[in-house]
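Participant: Submitted below is the structure of interest, expressed as structure tokens.
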Amino acid sequence: MSKTITSKIELNVELDENRIPEKLNWSAEDGGISNEEAKAIMLSVWDSKAQETLKIDLWTKDMPVDEMKLFFHQTLVTMSDTFMRATQDEKMTATMKDFCDYFAEKLELKKN
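Under my numbering, read the sequence shown as residues 1 to 112, first letter to last.
So, in structure tokens, the structure goes:
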């Protein structure tokens, strides 16, 4: 029998009196990350029993809008890459990448 290894990722959220995130920090010991600051976090968890995605989307009140646009774009690109690795569906991955390019163009994130 193989030995089970446990890895821990920790998220810490500091809220103001209205429960709005002021600070976000995260740690992932296996990745050498300890109490690093973040301005936004998107976490998706698949609930197989309910066949639905559970989500936590948080950002600090001082997260600049221009950085949020970049964060979303980079997240969409990464999701496209992950979709390809998980499904090997090249046609849909290409469609997703096209959308990412469109998204970046409309938000003027890339220079032509």
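Ideal Cβ positions, reconstructed from N, Cα and C, are used throughout, including at glycine.
Please read these numbers as outputs of a predicted model, since none were measured by experiment.
1. Using DSSP with H/G/I as helix, E/B as strand and the rest coil, what is Ser80?
2. Could you round the C-beta distance between Met42 and Thr75 to whole angstroms and report it? I think they count as a contact, below 8 Å.
3. Grab me the residues of Ile137's own chain with a C-beta within less than 6 Å of its C-beta, minus the 5 sequence neighbours each way, in chain order.
4. Can the beta-carbon of Lys3 be found closer than 8 Å to that of Glu29?
5. Just the C-alpha distance for Asn12 and Glu52, rounded to the nearest angstrom, thanks.
Facilitator: On the basis of the supplied data:
1. Start at 1 with the first residue of the sequence shown, and residue 80 comes out as number 80. Of the three classes helix, strand and coil, the one that applies to Ser80 here is helix, per DSSP.
2. Locating residue 42 in the sequence shown gives position 42, where the first residue counts as 1. Locating residue 75 in the sequence shown gives position 75, where the first residue counts as 1. Correct: roughly 6 Å between the Cβ atoms.
3. This structure cannot settle anything about residue 137, because the visible part of the chain is limited to 1 through 112.
4. Locating residue 3 in the sequence shown gives position 3, counting from the first residue. Locating residue 29 in the sequence shown gives position 29, counting from the first residue. The answer is no: Cβ separation not under 8 Å.
5. The residue labelled residue 12 in the question sits at position 12 within the sequence shown. The residue labelled residue 52 in the question sits at position 52 within the sequence shown. Roughly 25 Å between the two C-alpha positions.
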